[in-house]
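Remarks on the structure that follows.
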RNA sequence: GGCCCCAUCGUCUAACGGUUAGGACACGGCUCUUUCAAGGCCGGAGCACGGGUUCGAUUCCCGUUGGGGCCGCCA
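Residue numbers (my numbering): 459 to 940.
Quick look at the structure:
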């Protein structure tokens, strides 16, 4: 439309975003939500989503965890356009950047030992003051610094923070200011040559031409460091968007301590990836209107940071389970069957029976695991009967009534064995015995399924078939009778 | 302790100065019914507090309180 619109489009390249987990644990739901927002943002803005593994912490990073994170992302459908890139393979880049900053006087060597720093920190604490690095290294001349380095003295590289307020324009939080005296000259490179988090992040974000940094709120306080670093590196400052934390029910940052903080734990609990994706997307973002169940396409089309809230959100497993049930309700039977069979002990009944069982139990289960259990009950006779059910529904004359029921049911041919006709037979039997149908229905359910709750009895009877139904009835009578 | 962020039902959220403050989960009731669900209907439940600004504040500003985060040669 207008000149300025086309101009701004021309001057802002397509966005590049990244998700940068460190393999020090499995994929956390908070991390997954961050990745998901990056993905949605990239799709919506026709940008590029990059995956970068931040494995510079040699003590804590573990290779197998990278594999776990990758597979959890794949399972959830968090697909990236570029990467994964590994920071551990990019040390040359960090070394070159550090040398450049040193040369340009934007960073300097500091020769304090960890023990000395520890002592300073403790002293500050004892004095009730906030600890700041003294800046001693800054006052060493570059000649002397060079000389000591060449002499083999150990040193770290620190950034010379400018003495000015740093302003962060956050897409979600607005303008946030950090006074200069709250920041000190933080360490870029360890004495063993390892680049540290803040440094490798910024060097990579510059190198990968990241335009928008969407990450957790816990990084907001780190952002002035990053801004200073981007400036020192002579790079443009990306846009920032800091997401509210995901909390446990105790309103503390969600962690393993809360149980089920990892994506794979939910996977193993029978949560469908689509459901978790949908649920996580709505933890902080609302599409507007009253919609809750959205397709991936809708989310990719409608996601916008403007509609992302700033406040933290509590992760509610109950609602996740509800959402899972919503997805189960709509899933094609074949697919639901395929997802449930792995959880059916013994593989469940033949496919035609299984498919009908799926429809019977679909509204009654919330996970494929529960569905698997239901399927298994059609293939194997009950191994035990619910104790409370026996007590409640088995009376002295129950066995006799069930025997009468069996006799009459035997009169039905295989072809006549339907829900309607078996029901009719049961009701006739009850009437003949002068009792209500319930007196027979409940013990029959117990006999056929072992429990007192479940799908409509006569549908179950029909599905089980004549032979199995009668066998289970007989067994029940023998095991519970006089 | 210093700095920073956040604040609508128990929970997730809608509202972008004027609404009987809407929806969803959970909860309770009714309905359906052989049980349990699912579904449908109904209900209880919220603008943290105090000052401003304004004709008018849930909404804007300041403060208080409460919660959270960051302050490493961790990420």
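Yeah, the Cβ is synthetic: ideal placement off N, Cα and C, and Gly gets one too.
By how many angstroms is the C-alpha of residue 607 removed from the C-alpha of residue 466? Against the first chain, residue 466 aligns to sequence position 8. Against the first chain, residue 607 aligns to sequence position 149. Because residue 466 sits at a pLDDT of 39, beneath the cut-off of 50, its placement in the model cannot be relied upon, and the following sentence gives the value as read from the coordinates. One C-alpha to the other measures close to 48 Å.
Would you say residue 539 touches the ligand MN, meaning its beta carbon is less than 8 Å from a heavy atom? Ligands displayed in this structure: none; no statement on the ligand MN is therefore possible.
Alpha carbon of residue 625 to alpha carbon of residue 783, nearest angstrom: Working through the first chain from its first residue, we reach residue 625 at position 167. Working through the first chain from its first residue, we reach residue 783 at position 325. Looking at the two C-alpha atoms, the distance is approximately 45 Å.
Could you pull out every residue in the same chain whose Cβ sits closer than 6 Å to the Cβ of residue 877, ignoring the five residues on either side in sequence? Position 419 of the first chain holds residue 877. Closer than 6 Å at the Cβ level, and outside the excluded window around residue 877, lie 916, 917 and 920.
Could you tell me which uninterrupted beta strand (DSSP E) segments, each at least 3 residues in length, are contained entirely in the region 693-742, listed from first to last along the chain? 697-701
Apply the 10 Å Cβ neighbour rule to residue 668 and answer buried if 16 or more other Cβ atoms are within range, or exposed otherwise. The residue you call residue 668 lines up with position 210 of the first chain. With 16 or more other Cβ atoms within 10 Å, it is buried.
Considering only DSSP beta bridges, list what residue 566 is partnered with. Residue 566 sits at position 108 when you count from the first residue of the first chain. DSSP output for residue 566 lists 616 as bridge partner(s).
Go through the region 625-665 residue by residue and report every complete run of the alpha helix (DSSP H) that reaches 4 residues or more, in order. 655-665
What did DSSP end up calling residue 771 once you bin it into helix, strand or coil? Within the first chain, residue 771 is the residue found at index 313, counting from 1. Here residue 771 sits in strand by DSSP.
Buried/exposed call for residue 556, threshold 16 Cβ in 10 Å: Residue mapping note: residue 556 aligns to position 98 of the first chain, counting from 1. Counting Cβ neighbours within 10 Å, residue 556 comes out buried, since at least 16 surround it.
I need the straight-line Cα distance from residue 535 to residue 722, nearest angstrom please. The residue you call residue 535 lines up with position 77 of the first chain. The residue you call residue 722 lines up with position 264 of the first chain. Distance between the alpha carbons of residue 535 and residue 722 is about 13 Å.
For residue 476, the three-state DSSP class (helix, strand or coil): Counting from 1 along the first chain, the entry for residue 476 is found at position 18. For residue 476, the secondary structure class from DSSP, reduced to helix, strand or coil, is strand.
Can you tell me which of 841, 643, 691 and 671 puts its alpha carbon nearest to the alpha carbon of residue 700? The residue labelled residue 700 in the question sits at position 242 within the first chain. Nearest of 841, 643, 691 and 671 to residue 700, Cα basis: 671.
Output the distance between the C-alpha atoms of residue 637 and residue 623, rounded to the nearest integer angstrom. Residue 637 sits at position 179 when you count from the first residue of the first chain. Residue 623 sits at position 165 when you count from the first residue of the first chain. The alpha-carbon atoms of residue 637 and residue 623 are separated by roughly 4 Å.
Spatial neighbours of residue 493 in its chain, beta-carbon cut-off 7 Å, leaving aside the 5 residues before and after: The sequence position of residue 493 within the first chain is 35, counting from 1. Excluding residues within five positions, the ones whose Cβ falls inside 7 Å are 477, 531 and 536.
Got a sec, what are the start and stop residues for the beta strand (DSSP E) residue 542 sits in? As a working mapping, residue 542 is identified with position 84 in the first chain. 540-544 is the span of the beta strand (DSSP E), which, as asked, contains residue 542.
What span of residues does the alpha helix (DSSP H) with residue 816 cover, start to end? Position 358 of the first chain, counted from the first residue, corresponds to residue 816. It spans 809-819 - the alpha helix (DSSP H) in which residue 816 sits, taken as one unbroken run.
Hey, how far is the Cα of residue 558 from the Cα of residue 565? Residue mapping note: residue 558 aligns to position 100 of the first chain, counting from 1. Residue mapping note: residue 565 aligns to position 107 of the first chain, counting from 1. Cα to Cα, residue 558 sits roughly 9 Å from residue 565.
Under 9 Å, do residue 843 and residue 938 count as touching if we go by C-beta distance? Looking up residue 843 in the first chain gives position 385. Looking up residue 938 in the first chain gives position 480. For residue 843 and residue 938, yes; Cβs fall inside 9 Å.
Status (buried if at least 16 other CB within 10 Å, exposed otherwise) for residue 696: In the first chain, counting from the first residue as 1, residue 696 sits at position 238. So residue 696 ends up on the buried side.
What separation, rounded to the nearest whole angstrom, lies between the Cα atoms of residue 903 and residue 821? Here the question's residue 903 lines up with position 445 in the first chain. Here the question's residue 821 lines up with position 363 in the first chain. Rounded to the nearest angstrom, the two C-alpha atoms are 19 Å apart.
Per DSSP, which one or two residues make a beta bridge with residue 486? As a first step, residue 486 is located in the first chain; it is residue number 28 there, counting from the start. Looking at the DSSP assignment, residue 486 forms a beta bridge with 720.
In chain order, what residues of the same chain have a beta carbon less than 7 Å from the beta carbon of residue 611, not counting five sequence neighbours either side? Looking up residue 611 in the first chain gives position 153. If you ignore the 5 residues before and after residue 611, its C-beta comes within less than 7 Å of the C-beta of 569, all in its own chain and listed in chain order.
Bounding residues of the alpha helix (DSSP H) (the contiguous stretch that carries residue 830): Position 372 of the first chain holds residue 830. 826-837 is the span of the alpha helix (DSSP H), which, as asked, contains residue 830.
Anyone know if the C-beta pair for residue 593 and residue 515 falls short of 9 Å? Working through the first chain from its first residue, we reach residue 593 at position 135. Working through the first chain from its first residue, we reach residue 515 at position 57. Cβ distance not < 9 Å, so residue 593 and residue 515 don't count as in contact.
Other residues of its chain near residue 909: CB distance less than 6 Å, five sequence neighbours each side excluded: Counted from its first residue, the first chain places residue 909 at position 451. Closer than 6 Å at Cβ, skipping near neighbours: 844.
Helix, strand or coil at residue 761 [DSSP, three-state]: As a working mapping, residue 761 is identified with position 303 in the first chain. Collapsing the DSSP output to three states places residue 761 in coil.
Could you tell me which residues DSSP puts in a beta bridge with residue 509? Translated into positions along the first chain, residue 509 becomes position 51. According to DSSP, residue 509 bridges with 477.
Residues that residue 670 bridges to, as DSSP identifies them: The sequence position of residue 670 within the first chain is 212, counting from 1. 697, per the DSSP bridge assignment.
Unbroken alpha helix (DSSP H) run spanning residue 575, endpoints: In the first chain, counting from the first residue as 1, residue 575 sits at position 117. Taken as a continuous stretch (DSSP letters only), the alpha helix (DSSP H) holding residue 575 covers 572-584.
For residue 469, I'd like the list of residues in its chain whose CB is within less than 6 Å of its CB, leaving aside the five on either flank, ordered along the chain. Within the first chain, residue 469 is the residue found at index 11, counting from 1. With a pLDDT of 49 at residue 469, under the threshold of 50, the modelled position of that residue is not reliable, and the figure given next carries that caveat. The answer is none, since no qualifying residue turns up.
Helix, strand or coil for residue 918 per DSSP? Working through the first chain from its first residue, we reach residue 918 at position 460. Three-state DSSP puts residue 918 in a helix.
If you measure between the beta carbons of residue 630 and residue 487, is that distance less than 9 Å? In the first chain, counting from the first residue as 1, residue 630 sits at position 172. In the first chain, counting from the first residue as 1, residue 487 sits at position 29. Contact: no.
Residue 545 vs residue 508 beta-carbon contact at 9 Å: In the first chain, the residue the question calls residue 545 occupies position 87. In the first chain, the residue the question calls residue 508 occupies position 50. No, they are not a contact pair.
Could you tell me whether the region 768-787 touches the region 707-727, where touching means 3 or more Cβ pairs closer than 8 Å? By the Cβ criterion, the region 768-787 is in contact with the region 707-727, since at least three pairs of Cβ atoms, one from each stretch, lie closer than 8 Å.
Taking its Cβ as the centre, do 16 or more other Cβ atoms sit within 10 Å of residue 944, making it buried, or is it exposed? Here the chain comprises residues numbered 459 to 940, so residue 944 is not present and cannot be evaluated.
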